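I have placed the structure first, in the form of structure tokens, so that the comments after it can refer back to it.
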């Protein structure tokens with residue numbers, strides 16, 4: 039959709055919606071207005087951790103090429119070699135405050151972590167399409183009242 043000459047991808051806005059508690063209908067949502075700190079931390083961490091995210095994309099391409107060949111030594115591994123980069127990206131985003139792997143994410147952020155893995159490695163969607171799920175992991179952690187994440191900018 040286009041609004042005032044700006045293209046808006048409505049699907050990417052879903053991370054700013056949550057189901058309305060005690061809603062009369064199942065498709066009712068309330069909006070989440072991110073704080074200035076949340077917007078800043080997501081943007082800055084994505085910039086600071088871009089190295090790992092680019093690496094995830096390159097690893098996916100390499101594994102598709104090499105592991106796709108039945109005669110390759112990597113054939114049985116699938117995307118397993120990319121896990122180290124996914125975990126490194128998670129540690130970078132959370133500054134090593136919330137575990138060593140993406141599976142160590144707090145319980146409230148786990149659904150978003152699972153959505154990222156499904157998008158990037160099961161459905162093989164373009165990685166840019168999957169980024170919002172990783173951002174949602176960071177957002178969910180930042181929104182916790184006892185968050186250890188600090189915006190140093």
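In our numbering, the protein residues as written are 39 to 191.
Ideal Cβ placement from N, Cα and C applies to all residues, glycine included.
Values in this document were obtained by computation on a predicted structure and should not be read as measured data.
#1: Once DSSP output is grouped into helix, strand and coil, what is the label at residue 57?
#2: Classify residue 132 as buried or exposed, calling it buried when 16 or more other Cβ atoms lie within 10 Å of its own Cβ.
#3: Distance check for residue 156 and residue 95, CA to CA, integer angstroms please.
#4: Leaving aside the five residues before and after residue 115 along the sequence, list all residues of the same chain whose C-beta is less than 8 Å from its C-beta, in chain order.
#5: Quick one: what's got a C-beta closer than 6 Å to residue 141's C-beta in the same chain, skipping five residues either side?
#6: Thinking C-beta only, is residue 118 closer than 8 Å to residue 97?
#7: Between the C-alpha atoms of residue 181 and residue 63, what's the straight-line distance to the nearest angstrom?
#8: How about residue 144 and residue 136: are their beta carbons less than 8 Å apart?
#9: Compare the beta carbon distance of residue 125 and residue 138 with 8 Å and say whether it is the shorter of the two.
#10: Quick one: using the 10 Å Cβ neighbour count with 16 as the cut-off for buried, is residue 174 buried or exposed?
Let me spell this out:
#1: What you label residue 57 is simply residue 19 of the chain shown in a count that begins at 1. Correct three-state label for residue 57: strand.
#2: On the chain shown, position 94 is the one that residue 132 refers to. The residue is buried, with at least 16 neighbouring Cβ atoms inside 10 Å.
#3: The residue you call residue 95 lines up with position 57 of the chain shown. The residue you call residue 156 lines up with position 118 of the chain shown. Cα to Cα, the separation comes out at about 14 Å.
#4: For the purposes of this step, residue 115 is taken as residue 77 along the chain shown, with counting starting at 1. Correct list, in chain order: 101 and 105.
#5: Stepping through the chain shown from its first residue, residue 141 is reached at position 103. So the list is empty, once near-sequence residues are dropped.
#6: The count along the chain shown starts at 1 and reaches residue 97 at position 59. The count along the chain shown starts at 1 and reaches residue 118 at position 80. Cβ atoms of residue 97 and residue 118: not closer than 8 Å.
#7: By 1-based counting over the chain shown, the position of residue 181 is 143. By 1-based counting over the chain shown, the position of residue 63 is 25. Going from the Cα of residue 181 to the Cα of residue 63 covers about 26 Å.
#8: In the chain shown, counting from the first residue as 1, residue 144 sits at position 106. In the chain shown, counting from the first residue as 1, residue 136 sits at position 98. The answer is yes: Cβ separation under 8 Å.
#9: As a position in the chain shown, residue 125 is number 87, starting the count at 1. As a position in the chain shown, residue 138 is number 100, starting the count at 1. Yes.
#10: Counting from one through the chain shown, the residue named residue 174 turns up at place 136. With 16 or more Cβ atoms within 10 Å of its Cβ, residue 174 is classed as buried.
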